[in-house]
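Protein chains in written order, with full-length UniProt numbering: chain A, 1 to 269; chain B, 1 to 269.
Cβ coordinates follow ideal geometry from the N, Cα and C atoms, glycine included.
Just so you know, these numbers come straight off a predicted model, no measurement behind them.
Number of protein chains: 2
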Amino acid sequence: MRVLDAIDDEYGGVIVDPQRLPVNPSSFAMVLHSSLSHWKMQGKKGVWLKLPVERSELVPIAVKEGFQYHHAERGYVMLTYWIPEGPCMLPSNASHHVGVGGFVINDKNEVLVVQEKHYAPALVGLWKIPTGFILEAEEISTGVVREIKEETGIDTEFVEVIAFRHAHNVAFEKSDLFFVCMLRPLSTQIAVDDIEIQAAKWMPLDEFVEQPLIQGDCMFKKIIDICIARLGKRYCGLSAQQLVSKFDGKLSSLYYNVTEAQDLNCQGL
Amino acid sequence: MRVLDAIDDEYGGVIVDPQRLPVNPSSFAMVLHSSLSHWKMQGKKGVWLKLPVERSELVPIAVKEGFQYHHAERGYVMLTYWIPEGPCMLPSNASHHVGVGGFVINDKNEVLVVQEKHYAPALVGLWKIPTGFILEAEEISTGVVREIKEETGIDTEFVEVIAFRHAHNVAFEKSDLFFVCMLRPLSTQIAVDDIEIQAAKWMPLDEFVEQPLIQGDCMFKKIIDICIARLGKRYCGLSAQQLVSKFDGKLSSLYYNVTEAQDLNCQGL
């Protein structure tokens, strides 16, 4: 009985080698079927089958065999099969988009604001802080600096995460985490990104806050109120510290409040 | 010329109606081809093609026509086609998994801890706080209460988000946001979830902190130090306030520090 090349995972499942799939679709169909019988006899649990986009002809064959879609990226679709009786215990697909917004204020008390080209009708005319999504494997502090630079040409230095918003059923029924960051400007000359942005400018803080669209919306107003409290040192935000955990050797960032009374002495990098 | 049923999106693109795809695969191939010519002439930008799992035989046809995978969920795969010259401006797939950890401490200064069934070898023997992933469209504060209840049987009340960790290339090359929360226990009797958890107990805080695996790992230790600072009121965490934004009518949660000196007066729900 032929069986697909696969390695065991840590959880009693198997991961099929996407590089060594049978070339012929009907061979694939036969071998996939006999592989499932083999893994069932072995008491295996989850089966992970990653099909590169070049092998898309195998997708309907796997679906016919009972595989479900798990997730997809530009170059592949991942299908899964849960062998045991009872509910599927495989981990879920990614669930969130992560956005950032940059509150950049200069020493003349002017805020860096933009008007976007594609506004929802209710927002037309609004001057808002630059926002965007972080890239794959990008840090929040890096992503917000990049987005501000792309949209306005302004160089900035990340100071703190001020607050974050959690919303659901946004794009593709996924959730959305939006981190409002405070940044220090390192340059003054604006150069607008023509693709996404209609206009950008430095706007006096009072004028920015007094916009009817901000005053009339509880979420916008609250976020701005917090930023202003931070400027007046009546609020503390979260700083990022990079740390390596011994267990996975991964460098990751811990975001926490910087309080003066803290006595935390673990050393970062 | 036949064209697939589709609606325009807000960004100059089209969204194909997944309910009204031609039944016959070869008709689909022809109509998809002529639809693309039609949309190109109309100056359309992105094309969104959602193929339900029951129509998986259409996947290789769409790929052959030049479509790329965008994302997939259990019941469908979404493919996209970017018509204009130049880089694809379509929004990305979800990028993050969101996990929660619950630091639950009772009035005897005991922490609610668990040992998991599936540990990485380096972590064997570790008593840790209950952790898990939040469900689709679930709030952080709700998800952490649910995970603690599932793993240990203990009812809790959410107090604050204490800190969060951002790590990259975790599962399926996606990033991971992990929110450490503090909670108040509302019950004492532990009932262990047999599927994921080996054991659960109330452990004296000192004993918990002194575990060599925690003392020896910078990230673990830092998180615990912050929790202890919070217990001693030398640290403030983030509270959640639910707010509805007028513009999308969406109820979402804003997480921000609760500081005594704040003068933020926007009313929540």
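Reduced DSSP secondary structure (H/G/I, E/B, other) of residue i
i: F28 of chain B; result: helix
i: D127 of chain B; result: As written in the sequence, residue 127 of chain B is Trp, which differs from the Asp given in the question. Coil, per DSSP.
i: T188 of chain B; result: coil
i: R165 of chain A; result: strand
i: E138 of chain B; result: coil
i: P212 of chain A; result: helix
i: L51 of chain A; result: strand
i: E110 of chain B; result: strand
i: S245 of chain A; result: coil
i: V196 of chain B; result: Strictly speaking, residue 196 of chain B in this sequence is Glu, with Val absent from that position. DSSP places E196 of chain B in coil when its eight states are reduced to three.
i: P91 of chain B; result: coil
i: L231 of chain A; result: helix
i: G99 of chain B; result: strand
i: L36 of chain B; result: helix
i: M1 of chain B; result: coil
i: V180 of chain B; result: strand
Any chain A beta carbon closer than 7 Å to residue i
i: H168 of chain B; result: yes
i: R146 of chain B; result: no
i: Y119 of chain B; result: no
i: V258 of chain B; result: no
i: H38 of chain B; result: no
i: I15 of chain B; result: no
i: A6 of chain B; result: no
i: A191 of chain B; result: no
i: V63 of chain B; result: yes
i: K250 of chain B; result: yes
i: F164 of chain B; result: yes
Expected contact under 8 Å - CB spacing of residue i and residue j to nearest Å
i: L4 of chain B; j: V23 of chain B; result: No, L4 of chain B and V23 of chain B are not in contact; Cβ-Cβ is about 13 Å, not under 8 Å.
i: E207 of chain B; j: Y69 of chain A; result: Their Cβ separation, rounded to whole angstroms, is 46 Å, which puts E207 of chain B and Y69 of chain A out of contact at 8 Å.
i: S252 of chain A; j: L238 of chain A; result: Not quite, the Cβ-Cβ distance comes to about 15 Å (not below 8 Å), so this is no contact.
i: I197 of chain B; j: E151 of chain B; result: 5 Å
i: V180 of chain B; j: F103 of chain B; result: 6 Å
i: G75 of chain B; j: V53 of chain B; result: 5 Å
i: F67 of chain A; j: L90 of chain A; result: That pair is no contact at about 12 Å.
Min CB distance residue i to chain B below 7 Å
i: H33 of chain A; result: no
i: R74 of chain A; result: yes
i: D217 of chain A; result: yes
i: E57 of chain A; result: yes
i: I228 of chain A; result: no
i: P60 of chain A; result: yes
i: F28 of chain A; result: no
i: V114 of chain A; result: no
i: A261 of chain A; result: Legend: pLDDT at A261 of chain A = 40, less than 50; position of this residue unreliable, no value from coordinates given.
i: V209 of chain A; result: no
i: K45 of chain A; result: no
Local Cβ density within 10 Å of residue i, reported as buried at 16 or more and exposed below that
i: S95 of chain B; result: buried
i: A120 of chain B; result: exposed
i: A122 of chain B; result: exposed
i: R230 of chain B; result: buried
i: N257 of chain A; result: buried
i: G268 of chain A; result: Note that G268 of chain A has pLDDT 31, beneath the 50 cutoff, so the model's placement of it is unreliable and the number below is only indicative. Exposed, by the Cβ-count rule.
i: Q19 of chain B; result: exposed
i: T156 of chain B; result: buried
i: Q42 of chain A; result: exposed
i: Q215 of chain A; result: exposed
i: Q189 of chain B; result: exposed
i: H118 of chain A; result: exposed
i: E260 of chain B; result: Residue placement at E260 of chain B cannot be trusted, given a pLDDT of 48 that sits under 50; what the coordinates show is reported in the next sentence. Burial call: exposed.
i: G13 of chain B; result: buried
Neighbour flag for residue i against chain D, beta carbons, 7 Å
i: K201 of chain B; result: The structure shown contains no chain D; its protein chains are A and B.
Within the chosen definition, does the segment 184–193 of chain B reach the segment 215–223 of chain B through at least 3 CB pairs nearer than 8 Å?
no
Quick check: the segment 165–173 of chain A against the segment 71–90 of chain A, are at least 3 beta-carbon pairs closer than 8 Å?
no
Would the segment 103–120 of chain B count as touching the segment 104–116 of chain A if we require 3 or more Cβ pairs under 8 Å?
no
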